[in-house]
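These notes are about the structure you will find just below.
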Amino acid sequence: MNKQEIILSSDLRESMEKAIAGCTYDKLFILTDTHTRQFCMPVLSQWPYLPEATEITIGAGDVHKELDTLAFVWQVLSEKGATRHSLLINLGGGMVTDLGGFAAATFKRGIAYINIPTTLLAMVDASVGGKTGINFNGLKNEVGAFCPASSVLIDTNFLRTLDRENFVSGYAEMLKHGLISEPGHWEELLAFDMEQVNYERLKTLVGKSVRIKEDIVRQDPYERGIRKALNLGHTIGHAFESLVLEENRPVLHGYAVAWGMVCELYLSVVKAGFPQEKMRRTNQFIRENYGSFLFDCKQYDRLYERMLHDKKNTAGIINFTLLNDIGEIAIDQTADKELIFETLDFYRECMGI
Ligand code: GLY
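Numbering (the working numbering) for the sequence shown: 25 to 377.
Right under this line is the structure:
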């Protein structure tokens with residue numbers, strides 16, 4: 025996979041001009057959704073280069089991360105004369121960067137693209153590392169490609185207007201990066217006050233978080249080994265996410281990952297010797313900031329079914345990433361049904377339900 029340039033920008037206009045100048049292109053396109061068109065595009069539209077760009081706007085929200093929307097983007101690219109040498113800029117959250125990245129990866133077998141993430145989740149996770157795709161057949165990110173953006177331009181000023189729920193959701197991926205990296209970073213993440221956000225401090229933490237992901241992706245771009253570290257909390261988190269979707273009470277991805285981490289840290293204690301005190305402190309932070317997901321033991325079988333169908337599994341064996349300690353990663357771990365049910369019992373007790 026080509027190297028991706030990731031810029032933590034202090035001057036988005038200058039960074040964008042440099043990134044665009046670094047690409048040879050004939051036509052420029054910019055993908056927004058209805059939110060970023062209204063709230064973020066006005067910041068960019070006065071700048072050189074962009075008046076000549078063709079804007080493509082799609083619906084906001086994960087429901088639009090699907091084939092018809094992708095086909096619409098291909099259609100506009102085709103009708104407006106995009107060639108293999110055209111450049112697409114994705115301005116938005118993870119939905120826009122994932123779908124736009126996949127449109128770019130596939131149109132005329134691949135055109136260059138730049139990500140400008142506008143949510144915390146997209147800044148620290150979705151827009152970085154080259155995973156692109158759409159949901160399909162009721163399954164999240166079922167169809168996609170590894171295809172890195174030429175550049176990812178991160179301007180944390182966009183976070184000043186992000187709603188609390190989306191902020192907290194993105195922060196779960198930062199907490200995950202803390203757990204898989206080193207104790208000092210984990211400590212500073214637990215100490216951060218999400219009610220009174222210090223944006224200068226946040227910028228520093230976002231920078232560290234992005235470097236952690238970048239370093240892992242550089243070692244293992246196609247997720248054959250260490251990149252699986254980034255799946256911490258996601259096996260059980262995805263099962264929670266599917267269950268709430270089926271029950272029509274959807275939650276943002278990061279909430280499900282945070283609750284999934286509560287469970288997978290318990291598994292880490294039981295199976296990998298993760299220190300109980302560190303689990304307790306992490307779980308307390310999650311309980312205080314994310315509340316809890318309510319379910320009862322009648323739903324255990326459905327959750328287990330969901331884990332069995334996780335795309336990270338091989339030959340039907342549920343795959344977990346666990347920790348021996350902060351920054352000490354144990355990939356390709358598994359657990360039997362009995363232990364998974366015990367974990368769900370632990371979650372309900374620990375989260376007070
Ligand atoms: N979001 C996990 C990864 O990029 O591998």
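Every residue, glycine too, gets a C-beta built ideally from N, C-alpha and C.
* Asked: Is the closest heavy atom of ligand 1 to the C-beta of M149 under 7 Å?
  -> Going by the sequence as given, residue 149 is Asp instead of Met. D149: yes, Cβ under 7 Å from ligand 1.
* Pick helix, strand or coil for E8, following the three-state DSSP scheme. => With the chain covering 25 to 377 only, the question about residue 8 has no answer from this structure.
* Within 7 Å: the Cβ of K155 and any heavy atom of ligand 1? -> Placement of the Cβ of K155 at a distance of less than 7 Å from at least one heavy atom of ligand 1 is found.
* **Limits of the alpha helix (DSSP H) - the one that A129 falls within** => G118 to T130
* To do: Mind reading off the beta-carbon distance from I135 to A169? Whole number of angstroms is fine, and I expect it under 8 Å.
  => Wrong, their Cβ atoms sit about 13 Å apart, outside the cutoff.
* Asked: If we ignore side chains and look at the alpha-carbon of each, how far apart do L363 and E265 end up?
  -> C-alpha separation (whole angstroms): 20 Å.
* Work out the CA separation of G231 and I42 for me, nearest whole Å. => Note on identity: in this sequence residue 42 is Lys, with Ile being the wrong assignment. Computed Cα separation, rounded: 20 Å.
* Chain-order list of residues whose beta-carbon lies under 6 Å from that of L199 (same chain, five-residue window excluded) -> If we look at L199 and ignore the five residues flanking it on each side, its Cβ neighbours are L213.
* Asked: Can you name the start and end residues of the alpha helix (DSSP H) that S102 belongs to?
  -> L91 to E103
* To do: State the start and end residues of the unbroken alpha helix (DSSP H) segment that holds T156.
  => Not the alpha helix (DSSP H): T156 falls in the beta strand (DSSP E), residues K155 to F160.
* To do: Pair every Cβ in the region 222-239 with every Cβ in the region 149-167, then say whether three or more of these pairs are closer than 8 Å.
  => Enough Cβ pairs lie closer than 8 Å, so yes.
* Asked: If you follow the beta strand (DSSP E) that K164 is part of, which residue opens it and which one closes it?
  -> L163 to F170
* Candidates M65, T56 and D179: closest to I31 by CA position -> D179
* For N272, count neighbouring Cβ atoms within 10 angstroms of its own Cβ and tell me buried if that reaches 16, exposed if not. => By the neighbour-count rule (16 or more Cβ atoms within 10 Å), N272 is not buried but exposed.
* To do: Compute the Euclidean distance between the alpha carbons of K295 and A77, then round it to the nearest angstrom.
  => 53 Å
* **Reference A396; option with closest CA among N222, E90 and L177** => Outside the displayed range of the chain (25 to 377) lies residue 396, so it cannot be described from this structure.
* Starting from the Cα of R61, find the closest Cα among R37, T93, F96 and N114 and give me that residue. => N114
* **R242 versus R188: straight-line alpha-carbon distance, rounded** => 31 Å
* **Any non-hydrogen atom of ligand 1 closer than 7 Å to E265 Cβ** => no
* In whole angstroms, what is the alpha-carbon distance linking D320 and I138? -> 44 Å
* Please name the residue or residues paired with Y137 in a DSSP beta bridge. => L112
* G282 to I310 span [Cα, whole Å] -> As written in the sequence, residue 282 is Ala, which differs from the Gly given in the question. One C-alpha to the other measures close to 6 Å.
* Cβ neighbours of G202 in the same chain (closer than 6 Å, five flanking residues each side left out) -> H209, W210 and L213
* So does the region 67-74 actually touch the region 90-103, counting three or more Cβ pairs closer than 8 Å? -> Between the region 67-74 and the region 90-103 there are fewer than three inter-stretch CB-CB distances shorter than 8 Å, so the stretches are not counted as touching.
* Same chain only: Cβ atoms within 6 Å of M285, ignoring 5 sequence neighbours per side -> Excluding residues within five positions, the ones whose Cβ falls inside 6 Å are G257.
* To do: Would you check if there are 3 or more beta carbon pairs closer than 8 Å linking the region 329-347 to the region 246-257?
  => yes
* Asked: Exposed or buried, what is D122 when buried is set at 16 or more other beta-carbons lying within 10 Å of its beta-carbon?
  -> buried
* To do: Would you grab the beta carbon distance between L276 and Y195 for me? Rounded to a whole angstrom, and I think it's under 8 Å.
  => In fact, because the Cβ distance is near 11 Å, the residues do not count as touching under 8 Å.
* Which of the three DSSP states, helix, strand or coil, is assigned to T56? -> The answer is strand: DSSP assigns T56 an E or B state.
* Compute the minimum distance between the beta carbon of R251 and the heavy atoms of ligand 1, and state whether it is under 7 Å. => yes
* Asked: With a CB to CB cut of under 7 Å and the five nearest residues on each side skipped, what residues in its chain are close to R326?
  -> L267
* Any chance the CB of L254 is under 7 Å from a heavy atom of ligand 1? -> It does: the Cβ of L254 is within 7 Å (strictly closer) of some heavy atom of ligand 1.
* Asked: Applying the criterion that 16 or more other CB atoms from any shown protein chain within 10 Å of the CB defines a buried residue, is R218 buried or exposed?
  -> Looking at the sequence shown, residue 218 is not Arg but Met. Classification of M218: exposed, given that the 10 Å Cβ count is below 16.
* Asked: In chain order, what residues of the same chain have a beta carbon less than 7 Å from the beta carbon of L226, not counting five sequence neighbours either side?
  -> T180 and L183
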